[in-house]
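Notes to accompany the following structure.
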Amino acid sequence: MKKTLFDLFPVILFFIVFKLAGSNPDSAQAWANSIGYLVDPKQLPVLLATAATIVATIIQIAWVKWHHGKVDTMLWVSFALIAVLGGATLLLHDENFIKWKPTALYWVFAGTLLFSNLLFKKNLMRALLQEKLTLPTRVWNRVNLSWSLFFVVLGVTNLYVAFNFSTDAWVNFKLFGATGMMLVFVLLQAMTLAKYVDEEKENN
59 MKKTLFDLFP
69 VILFFIVFKL
79 AGSNPDSAQA
89 WANSIGYLVD
99 PKQLPVLLAT
109 AATIVATIIQ
119 IAWVKWHHGK
129 VDTMLWVSFA
139 LIAVLGGATL
149 LLHDENFIKW
159 KPTALYWVFA
169 GTLLFSNLLF
179 KKNLMRALLQ
189 EKLTLPTRVW
199 NRVNLSWSLF
209 FVVLGVTNLY
219 VAFNFSTDAW
229 VNFKLFGATG
239 MMLVFVLLQA
249 MTLAKYVDEE
259 KENN
């Protein structure tokens with residue numbers, strides 16, 4: 059649970075800052091003006107939320123580095139994406155860049171899972187879960203492929219919501235919709251793999 063909340067910290071902070079700035083436009087505008095950041099008031103909630111997310115990701119990296127010494131590659135990838143796309147959003151006052159960030163990250167996940175297995179014969183889902191599950195190689199390959207496809211679908215869904223609905227709806231989807239889709243997929247995956255766990259127990 060703590061790990062999940064830690065991973066979602068930037069997303070949760072984005073949601074909170076966006077909602078607070080949207081519900082308190084005068085205060086948000088006054089604060090932005092005080093630091094010399096002059097933008098269209100309608101854009102301010104997403105811009106402040108983007109800035110907060112960049113800061114949150116930096117805090118994540120610092121915390122992991124301090125407590126574990128090594129930062130996961132995917133966290134660095136996430137930071138690179140938020141720095142580039144978030145930075146472009148802040149500099150150009152264009153929210154379309156930050157709307158691409160979740161999709162870019164999901165597709166990096168998908169590509170990493172898929173091509174690590176195809177090109178280097180390294181099944182990353184197996185490496186991640188093999189201490190908890192014993193599965194035939196063909197099943198591990200299906201698990202890896204299913205996660206790759208799921209992240210592709212999640213990325214496409216993010217783009218659909220981002221560019222066909224309001225920014226407010228997209229912010230809600232980013233926290234609740236994407237997280238909900240992830241939870242449902244994990245539960246379906248667990249139900250699918252349960253029979254292999256039961257077979258292992260019977261064999262033992």
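Take the position in the sequence shown, starting the count at 1, then add 58; the result is the number in the numbering used here.
C-beta: ideal position from N, C-alpha, C; glycine also.
Note that the structure is a prediction, hence the values are computed from the model and not measured.
C-alpha distance - residue i paired with residue j, whole-angstrom precision
i    : j    : result
K61  : Q118 : 11 Å
L172 : F221 : 27 Å
K253 : L105 : 47 Å
R200 : K123 : 34 Å
K159 : L193 : 34 Å
L163 : L66  : 14 Å
L133 : V142 : 14 Å
K190 : F223 : 40 Å
Own chain partners of residue i with C-beta closer than 6 Å, once the 5 adjacent residues on each side are dropped
i    : result
A146 : F155
Nearest-angstrom Cβ-Cβ length linking residue i and residue j, presumed shorter than 8 Å
i    : j    : result
K157 : W228 : 6 Å
F231 : V219 : 5 Å
CB of residue i within 8 Å of CB of residue j, strictly
i    : j    : result
A79  : L96  : no
T161 : G213 : yes
L177 : N202 : no
A168 : V210 : yes
Nonlocal neighbours in the same chain, by C-beta distance under 7 Å from residue i, ignoring five residues either side
i    : result
A110 : L71, F72 and V75
A114 : F67, P68 and L71
Residue interval of the alpha helix (DSSP H) (run including residue i)
i    : result
L187 : L182 to L187
D226 : T225 to N230
Q87  : P83 to S92
G145 : G145 to L150
T115 : L102 to H126
Neighbourhood of residue i by C-beta distance below 8 Å, restricted to the same chain and skipping five residues each side
i    : result
S204 : Q247
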